[in-house]
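Asks: The following block contains the structure, expressed as structure tokens.
2 protein chains.
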Amino acid sequence: MAITLQELLNRLRENRRYAALRDIFTAMNEADTAALFDELPEAELPVMFRLLPKDLASDVFAHMESDSQELLIKGFSDAELKEVLDELYVDDTADLIEEMPANVVKRILANTEPEKRNVINEILKYPEDSAGSLMTIEYISLRPKMSVSEAIKRIRRTITDTETIYTCYVTDDNRHLLGYISLRTLLLAKPDSLISDIMEDTVICVHTSDDKEDVAKKMSHYSFVAIPVVDAENRLVGIVTFDDAIDVMQDEATEDIKMMAAIAPNEESYFKTSDFKHARTRIVWLLILMLSAAITGGIISGYEASFSAVPMLVSFIPMLMGTGGNCGSQSSTLVIRGMAIDEIKPGDFFKVIWVEFRVSLLLSTALALINGLRILIMYRDPMLALVISLSIVGIVIMSEMIGCILPMLAKRLHCDPAVMAAPLITTIVDACSILIYFNIACHLMVIG
Amino acid sequence: MAITLQELLNRLRENRRYAALRDIFTAMNEADTAALFDELPEAELPVMFRLLPKDLASDVFAHMESDSQELLIKGFSDAELKEVLDELYVDDTADLIEEMPANVVKRILANTEPEKRNVINEILKYPEDSAGSLMTIEYISLRPKMSVSEAIKRIRRTITDTETIYTCYVTDDNRHLLGYISLRTLLLAKPDSLISDIMEDTVICVHTSDDKEDVAKKMSHYSFVAIPVVDAENRLVGIVTFDDAIDVMQDEATEDIKMMAAIAPNEESYFKTSDFKHARTRIVWLLILMLSAAITGGIISGYEASFSAVPMLVSFIPMLMGTGGNCGSQSSTLVIRGMAIDEIKPGDFFKVIWVEFRVSLLLSTALALINGLRILIMYRDPMLALVISLSIVGIVIMSEMIGCILPMLAKRLHCDPAVMAAPLITTIVDACSILIYFNIACHLMVIG
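Respectively, the protein sequence lines represent chains A and B. Residue numbering for the first sequence follows our numbering, beginning at 77 and increasing consecutively. Residue numbering for the second sequence follows our numbering, beginning at 77 and increasing consecutively.
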């Protein structure tokens with residue numbers, strides 16, 4: 077391309093080709109327009125946004141990043157703000173409020189219709205990671221005594237206000253969830269059939285207080301486009317749609333991956349995070365791990381006599397510590413991810429230990445043989461080869477055991493298993509590796 | 077619970093309460109029945125499966141794990157196999173064939189209708205990780221000149237054969253994709269409107285050869301329930317539905333997490349993997365990393381004179397190597413995940429390096445100060461404190477740089493950046509850390 081889309085838009089704007097710009101925006105998907113707007117310089121954004129046709133503006137707004145949303149709201153007149161807010165779904169408005177600073181929140185609430193404001197306040201009361209905070213209250217509910225043709229009429233009437241119409245929920249007069257019916261079934265059914273006769277009466281739902289990760293897992297298990305959310309009295313209060321579930325899954329995977337690398341969770345994106353915030357999310361664990369590594373150093377000091385006698389011993393420290401750390405992080409990672417995707421269940425404690433033990437026997441034997449041979453060839457010292465090989469066997473078995481047990485223990489103590497990931501495991505394993513190594517060396521080499 | 081669901085089912089079966097069992101299965105969601113069946117002992121599975129009502133059997137079958145599917149197929153008569161296969165969606169059948177051993181595949185193809193067999197063969201020709209291998213060919217296509225009422229009639233007619241009816245695709249006579257229209261829009265529109273007037277004509281689609289990870293990302297970006305797949309001539313050949321996209325995202329996250337811990341990819345679940353396979357997925361990297369660690373050992377040997385003179389130096393090796401490794405794995409993890417979720421784009425090479433450099437300045441200053449102070453208090457040796465603090469500064473900056481540059485280089489060389497994750501980075505950083513440390517020590521302490 078000779079010129080980027082961004083440049084084209086700038087040129088059109090400079091030349092005041094507003095009609096052309098409006099046509100381009102109308103032709104684009106709102107998610108793409110939003111992504112484009114997020115990249116605009118601050119001064120350009122409000123100008124461009126005002127070019128959007130009214131019915132598209134709130135869709136694009138909902139897709140934008142919170143920084144850009146804040147910037148826009150600050151520039152909006154109250155009338156403009158109200159126009160955008162009126163078209164936003166309740167769950168998007170609640171998300172928006174959660175991201176904005178206090179003074180912006182006040183303006184948003186002041187420009188929201190009272191009825192909608194009450195609903196938003198309800199949603200905001202749910203804990204941050206719960207199904208309640210994720211749900212939308214705009215869904216289609218039907219009554220069991222309705223006929224199919226009545227149901228379809230009702231759907232046509234409420235269609236514009238709801239995020240998904242493809243699953244409808246059947247409730248009694250007290251809003252208790254009785255079952256669900258897909259639009260597909262409705263379209264296939266005879267017009268005079270009763271909803272109660274053709275609905276699915278296996279009620280699969282989540283509670284407002286359920287963790288959002290479990291909600292996403294449940295939706296993926298059942299391949300649902302949406303899942304109903306009920307309160308403590310089993311009354312339908314909202315639904316969670318699949319697009320939110322996908323976001324939750326991505327965010328949880330990102331959080332787990334970061335935790336596994338000893339980085340504190342941070343919801344902002346890489347480039348939006350300030351240097352100090354970047355440093356803050358990393359320094360805590362670095363410090364903890366650095367000071368714990370000093371313990372390993374202390375253990376080494378205790379064997380000063382040994383390595384003063386045989387200085388060669390020191391040069392094997394990186395390899396032995398490294399192998400221990402790698403084995404530990406392999407088994408801890410497998411166990412942590414296995415638990416996250418429910419492949420490994422809490423009852424599998426001893427089953428996992430037994431698997432890891434057998435695997436560690438295989439691994440340690442192979443690694444010890446290869447390394448023993450290498451040392452025998454390179455140094456022609458059978459005793460040294462024996463010491464290193466035996467150390468590898470001990471270290472590999474020990475690290476695989478620690479690597480699988482600690483995350484499962486963390487889970488039992490209701491901590492996130494991912495805190496027991498590679499870096500912490502490595503530090504613990506390091507100390508144990510040194511102990512195993514120098515003990516074997518001292519006993520076999522008659523030193524120290 | 078006094079008795080588990082599994083136990084209840086066993087009891088009912090032993091007492092031959094087949095009607096009750098059938099009622100239970102009918103009341104359950106097929107995904108749950110499948111999960112339950114996967115846990116059954118081999119001998120029980122075929123008996124239980126035959127109790128399923130015919131119309132439910134293939135739905136449950138599609139949800140089961142491949143081991144159980146294989147077991148069932150081997151026990152099926154040809155008539156039974158045909159009955160299940162006839163009801164399976166084409167993409168589920170293709171998935172099944174990919175998982176089964178050759179002799180089972182032969183029986184499956186022999187019992188599939190010729191027309192369906194041709195389609196399956198087409199799907200199987202696409203590369204394993206492509207959109208083509210993921211798609212289903214059962215979708216609803218409309219013509220631009222149809223009226224809304226004709227379209228709805230057509231949807232009602234084809235509804236049972238298609239996986240999703242909520243987005244319909246508009247094609248010309250040569251199957252070129254012209255646009256799409258949601259069922260929602262159709263239900264809202266006047267019956268005599270023309271499809272071409274009300275359809276969305278922004279065509280957002282993927283190509284058969286696109287990587288399935290990109291397909292999932294695109295669907296999540298647009299919050300699509302389904303995305304159309306076109307061939308090289310821009311003809312519509314299938315669609316990918318959101319449930320497959322969710323699976324792809326989960327699998328990719330799992331694969332990345334495993335790679336980051338130096339474990340080779342393996343599609344089987346934790347407990348289904350044999351000990352030898354477990355060992356095989358781990359040993360290659362362990363060996364590579366172990367032998368590279370020997371290089372670090374070699375470097376240490378070169379400084380034997382230094383630590384013979386000041387044995388205390390050895391005890392700081394774990395802390396310095398550990399800190400370097402942790403810094404390197406933090407920045408590599410952030411960069412790898414950032415690239416995986418498109419927060420960091422290929423053009424951001426120098427931008428990332430600049431961020432990491434500034435962050436590493438902050439981190440190294442903090443860590444060096446804290447550690448210098450600790451050593452000053454514990455050992456009352458200002459020179460030792462200076463050597464360690466300076467080493468930390470050098471090591472932290474060096475590791476953060478290596479940690480962010482290597483994954484981005486890998487991406488540029490079209491390798492998976494995740495191979496440059498923690499374990500490899502750690503091994504490279506270890507060697508550099510030792511060099512920095514002993515060089516500073518030799519210069520300042522006038523030893524060696």
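Glycine included, each C-beta is placed from N, C-alpha and C at the ideal position. Nothing here was measured: the structure is a model prediction, and the numbers come from that model.
Show which residues of chain B have a CB atom less than 9 Å away from the CB atom of Q145 (chain A).
Replies: Those do not exist, as Q145 (chain A) stays about 17 Å from chain B at its closest Cβ, beyond 9 Å.
Asks: I'd like to know if the segment 395-410 of chain B and the segment 499-519 of chain A are in contact, where contact means that at least 3 CB-CB pairs between them fall below 8 Å.
Replies: yes
Asks: Just the Cα atoms here: how many angstroms apart are L262 (chain A) and I228 (chain B)?
Replies: 13 Å
Asks: Does E174 (chain A) come within less than 8 Å of chain B when only Cβ atoms are used?
Replies: With respect to chain B, the C-beta atom of E174 (chain A) has no partner C-beta closer than 8 Å.
Asks: Shortest alpha-carbon distance to D135 (chain B) belongs to which of A:Y298, A:L443 and A:K421?
Replies: A:Y298
Asks: Helix, strand or coil for T169 (chain A), going by three-state DSSP, please let me know.
Replies: Secondary structure at T169 (chain A): helix, using DSSP grouped into helix, strand and coil.
Asks: With burial defined as no fewer than 16 other Cβ atoms inside 10 Å of the residue's Cβ, what is the status of F347 (chain A): buried or exposed?
Replies: exposed
Asks: Taking 8 Å as the CB-CB limit, is C403 (chain B) close to chain C?
Replies: Absent from the structure is chain C; the protein chains it does hold are A and B.
Asks: Over what stretch of residues does the beta strand (DSSP E) that includes P304 (chain A) continue unbroken?
Replies: A302 to V306
Asks: Tell me which same chain residues have a C-beta within less than 8 Å of the C-beta of D248 (chain B), skipping the five on either side of it?
Replies: R219, P220 and L254
Asks: What three-state label does DSSP hand R456 (chain B) in the structure shown?
Replies: coil
Asks: DSSP on V411 (chain A), reduced to helix/strand/coil?
Replies: Shown here, V411 (chain A) sits in a helix according to DSSP, grouped into three states.
Asks: Given a limit of 9 Å on CB to CB distance, which residues of the segment 398-427 of chain A reach chain B?
Replies: G398, T399, G401, N402, C403, S405, Q406, S407, S408, T409, L410, V411, I412, R413, G414, A416, I417, E419, I420, D424 and K427
Asks: Identify whether I257 (chain B) lies in helix, strand or coil by the three-state DSSP scheme.
Replies: strand
Asks: Could you check whether I471 (chain B) and L396 (chain B) sit closer than 8 Å to each other, using their CB atoms as the reference points?
Replies: yes
Asks: Rounded to whole angstroms, what's the CA-CA distance from A138 (chain B) to D168 (chain B)? Just pull it up for me.
Replies: 6 Å
Asks: Counting only beta-carbon separations shorter than 8 Å, does Q326 (chain A) have a partner in chain B?
Replies: At least one chain B Cβ lies under 8 Å of Q326 (chain A).
Asks: Looking at the unbroken alpha helix (DSSP H) that takes in T212 (chain B), where does it start and where does it end?
Replies: In this chain, T212 (chain B) is not harboured by any alpha helix (DSSP H), its DSSP state being neither H nor E.
Asks: Which chain B residues sit within Cβ distance under 7 Å of R358 (chain A)?
Replies: Q406 and L439
Asks: Report the three-state DSSP secondary structure of V136 (chain A) (helix, strand or coil).
Replies: helix
Asks: Would you mind giving the Cβ-Cβ distance between S64 (chain B) and K288 (chain B), rounded to the nearest angstrom? I have them listed as a contact below 8 Å.
Replies: Residue 64 (chain B) lies beyond the range of chain B shown here (77 to 524); nothing can be said about it.
Asks: Between A133 (chain B) and chain A, is the shortest Cβ-Cβ distance under 8 Å, so that the two count as touching?
Replies: no
Asks: Which residues, taken in chain order from the segment 313-339 of chain B, show a beta carbon closer than 8 Å to some beta carbon of chain A?
Replies: Residues passing the 8 Å Cβ filter: F318, D319, A321, I322, D323, M325, Q326, A329, T330, D332, I333, K334, M336, A337, A338 and I339.
Asks: Quick check: the Cα distance between G524 (chain B) and I512 (chain B), rounded to an integer number of angstroms?
Replies: Here G524 (chain B) scores only 44 on pLDDT, less than 50, and its place in the model should not be relied on; the value that follows carries that caveat. Cα-Cα distance, rounded: 15 Å.
Asks: Using the Cα positions of I184 (chain A) and S142 (chain B), report the straight-line distance between them to the nearest angstrom.
Replies: 52 Å
Asks: Establish whether the CB of G374 (chain A) and some CB of chain B are separated by less than 8 Å.
Replies: yes
Asks: Using the Cβ count rule (16 or more neighbours within 10 Å means buried), how would you classify T80 (chain B)?
Replies: Within a 10 Å sphere around the beta-carbon of T80 (chain B) sit fewer than 16 other beta-carbons, which makes this residue exposed.
Asks: Please confirm if the segment 105-123 of chain A is in contact with the segment 147-156 of chain A, defined as three or more CB-CB distances below 8 Å between the two stretches.
Replies: yes
Asks: Under 7 Å between beta-carbons, which chain A residues line up against T80 (chain B)? List them in chain order, please.
Replies: Under the 7 Å cutoff, chain A gives no residues; its nearest Cβ is about 11 Å from T80 (chain B).
Asks: Nearest chain B C-beta to M496 (chain A) closer than 8 Å, yes or no?
Replies: no
Asks: Who are the Cβ neighbours of S440 (chain B) in its own chain at under 7 Å, not counting the five residues just before and after it?
Replies: I468, V469, V472 and I473
Asks: Unbroken alpha helix (DSSP H) runs of length 4 or more, entirely within the segment 106-156 of chain B: which are they?
Replies: 106-114, 120-126, 130-139 and 142-151
Asks: Measuring only between beta-carbons, confirm whether V554 (chain A) sits less than 8 Å from chain B.
Replies: The question about residue 554 (chain A) has no answer here: the residues shown for chain A are numbered 77 through 524.
Asks: Quick one, which of B:W430, B:F426 and B:L367 has its alpha-carbon nearest K446 (chain A)'s?
Replies: The displayed chain sequence assigns Ile, not Lys, to residue 446 (chain A). Among B:W430, B:F426 and B:L367, the Cα nearest to that of I446 (chain A) is on B:L367.
Asks: Determine whether the Cβ of I516 (chain A) lies closer than 8 Å to any Cβ atom of chain B.
Replies: no
Asks: Say whether chain B places a C-beta atom closer than 8 Å to the C-beta of G524 (chain A).
Replies: Note that G524 (chain A) has pLDDT 44, beneath the 50 cutoff, so the model's placement of it is unreliable and no number is given.
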